[in-house]
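Numbering (my numbering), first residue to last: -13 to 60.
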């Protein structure tokens, strides 16, 4: 393998979030971990982003774009 000097990962980053909990690879230990409403789910995604930018403040200065499929249209 060799590094690609033209890779988009040289200048960009990507964060994946499984939402709602229980889709994809995400899980909850019990029913209390699952959102009950769309508003709950939107709040959980928001909280996850706040936590991410708190833990990794070096990404706070970057432009932020969000996209999704299916239920991502909360």
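Each residue gets a CB set at the ideal place from its N, CA and C atoms; glycine is no exception.
Cβ contact annotation for residue 48 (same chain, cutoff 8 Å, sequence separation greater than five): -1, in chain order. Contact check for residue 20 against residue 14 passes: the beta carbons are separated by less than 7 Å. Around the beta carbon of residue 5, 16 or more other beta carbons sit within 10 angstroms, so the residue counts as buried. Considering only 3, -10, 30 and -11, the residue with the shortest C-alpha distance to residue 54 is 3. The C-alpha of residue 23 is placed about 19 Å away from the C-alpha of residue 35.
The C-alpha of residue 25 lies about 10 Å from the C-alpha of residue 31.
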